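Following: one structure in structure tokens, then a few remarks.
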Amino acid sequence: MAAATVATRIVTRQIRLVRIEHDHALYFCTFGLPEVDGLPPGLETVDATPGLFALAVLDAEIRPLPSVTAAEIKQVMDDQFKDSGAGYEGHDLDEIEPLFPQPCIYRVTQEEGYHALTDRVLGSILVRTYFDGPISLEPETVDILTRVFEVDSPLIPFRNIVQGILSISWENLFLETYRCIEQLYGMKRYGMLKTHLNYANSPRELAKIIDEQLSWRPKESEAFVALAALCDETLVSTVCTGLAVQADTHDKRCSKMAEALYDLRNTIVHYRPANQVIYKTDADWNVIVRGVLDMVAHLYNEHGGEFFG
Numbered sequence: 191m192a193a194a195t196v197a198t199r200i201v202t203r204q205i206r207l208v209r210i211e212h213d214h215a216l217y218f219c220t221f222g223l224p225e226v227d228g229l230p231p232g233l234e235t236v237d238a239t240p241g242l243f244a245l246a247v248l249d250a251e252i253r254p255l256p257s258v259t260a261a262e263i264k265q266v267m268d269d270q271f272k273d274s275g276a277g278y279e280g281h282d283l284d285e286i287e288p289l290f291p292q293p294c295i296y297r298v299t300q301e302e303g304y305h306a307l308t309d310r311v312l313g314s315i316l317v318r319t320y321f322d323g324p325i326s327l328e329p330e331t332v333d334i335l336t337r338v339f340e341v342d343s344p345l346i347p348f349r350n351i352v353q354g355i356l357s358i359s360w361e362n363l364f365l366e367t368y369r370c371i372e373q374l375y376g377m378k379r380y381g382m383l384k385t386h387l388n389y390a391n392s393p394r395e396l397a398k399i400i401d402e403q404l405s406w407r408p409k410e411s412e413a414f415v416a417l418a419a420l421c422d423e424t425l426v427s428t429v430c431t432g433l434a435v436q437a438d439t440h441d442k443r444c445s446k447m448a449e450a451l452y453d454l455r456n457t458i459v460h461y462r463p464a465n466q467v468i469y470k471t472d473a474d475w476n477v478i479v480r481g482v483l484d485m486v487a488h489l490y491n492e493h494g495g496e497f498f499g
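Those letters in the sequence shown? Residues 191 to 499, by the numbering used here.
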């Protein structure tokens with residue numbers, strides 16, 4: 191395992207995911223998360239080996255358990271040296287493993303598309319182990335989050351959604367999910383400009399240049415309405431239910447839904463005298479977040495390729 195490729199995603203002080211690739215084998219080791227019961231596609235749980243354990247602990251900079259004292263660590267080291275004498279060949283895993291937090295180790299049995307991005311695997315495991323989190327996620331919301339991480343477009347900013355799931359409030363989960371849409375605000379206009387200028391690179395690259403050189407950005411409220419109009423009637427009607435928005439035509443519902451979501455986003459982001467505390471039930475938040483997740487998935491699945499080119 192000395193030749194393995196190792197990368198660590200540090201999520202919080204306790205939660206870390208280590209990606210280990212070696213000799214055509216791929217492993218994911220998590221710290222600070224329970225073991226998944228319903229395993230994500232293409233993964234199986236395996237026992238730690240000395241090589242996997244050492245790589246995960248060292249690369250993730252995992253410290254011994256708080257309950258383990260320096261004297262106890264010294265005792266373990268001294269006992270092994272004393273017993274083996276000059277023929278010391280290292281400690282056994284079962285002597286060292288109890289000193290550290292227990293990792294959960296998953297081995298890839300069949301490659302799936304989502305395995306290519308560490309944040310997608312992390313998100314899948316987070317959602318599948320979210321049994322007693324601070325946000326009251328309904329089973330349907332968990333199902334949609336699972337689908338987003340494991341099935342939907344690889345262009346989605348998965349780190350944002352991971353941060354939202356790790357939050358303690360609905361507002362932050364909503365905001366992080368909403369943020370996934372923000373980079374698409376000028377998608378159609380940048381695409382039209384790319385064609386007009388016969389620009390060789392993607393509309394996204396053109397958007398970055400225009401932002402950096404001209405400091406121009408699309409007007410947010412108008413851009414969000416245009417993106418909402420790309421969503422189907424069922425999705426729009428569902429979100430309107432969670433927002434308590436009513437209208438008699440699909441176009442009006444799109445416009446009112448986009449306005450209500452944009453106002454909700456602004457109320458969370460900006461702390462002004464006019465802003466009020468947001469009072470919504472868990473049931474309403476579940477509907478709203480599911481709707482925005484479906485918007486994110488639809489926009490990236492159907493249109494993301496055009497924008498990222």
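We put the CB at the ideal spot given by N, CA and C, even for glycine.
Model, not experiment: these values are computed from the prediction.
Here DSSP, grouped into helix, strand and coil, assigns E234 to strand. The C-beta of M485 has 16 or more other C-beta atoms within 10 Å across all chains shown, which makes the residue buried.
Contact between V435 and K446 holds, with the beta-carbon distance rounding to 5 angstroms and staying under 8 angstroms.
As the crow flies, the alpha-carbon of D474 is around 8 angstroms from that of T431. By the neighbour-count criterion, in which 16 or more other beta carbons inside 10 Å mark a residue as buried, G228 falls on the exposed side. Under DSSP, V311 shares a beta bridge with no residue. Judged by DSSP in its simplified three-state form, F290 adopts coil rather than helix or strand.
Bridge pairing for H493: absent [DSSP].
Excluding the 5 residues flanking it on each side, A450 has same chain C-beta neighbours closer than 7 angstroms at L433, V435, in chain order. A direct Cα-Cα distance of roughly 16 angstroms separates R297 from R206.
Listed in chain order, the non-local C-beta contacts of G481 below 7 angstroms within the same chain comprise L425, T428, V429, G432, local neighbours out to five positions each way being set aside. Within the stretch 361-391, no run of beta strand (DSSP E) at least 3 residues long lies entirely inside it.
Burial of E366 is indicated by the presence of at least 16 other C-beta atoms within 10 angstroms of its C-beta.
By the criterion of a C-beta distance shorter than 6 angstroms, I478 is surrounded in its chain by G432, once the five residues flanking it on both sides are discounted.
Looking from the CA of R203, the closest CA among E330, K264, Y380, R253 belongs to R253. Cβ neighbours of G232 within its own chain (closer than 8 angstroms, five residues either side excluded): V298, T299, Q300, E301, E302, H305.
For T259, the three-state secondary structure derived from DSSP is coil. Inclusion of V311 and D249 in the CB contact set at 9 angstroms is not warranted, their separation being larger than that value.
The alpha-carbon separation between P408 and P324 amounts to approximately 35 angstroms. Taken through DSSP and simplified to helix, strand or coil, H488 comes out as helix.
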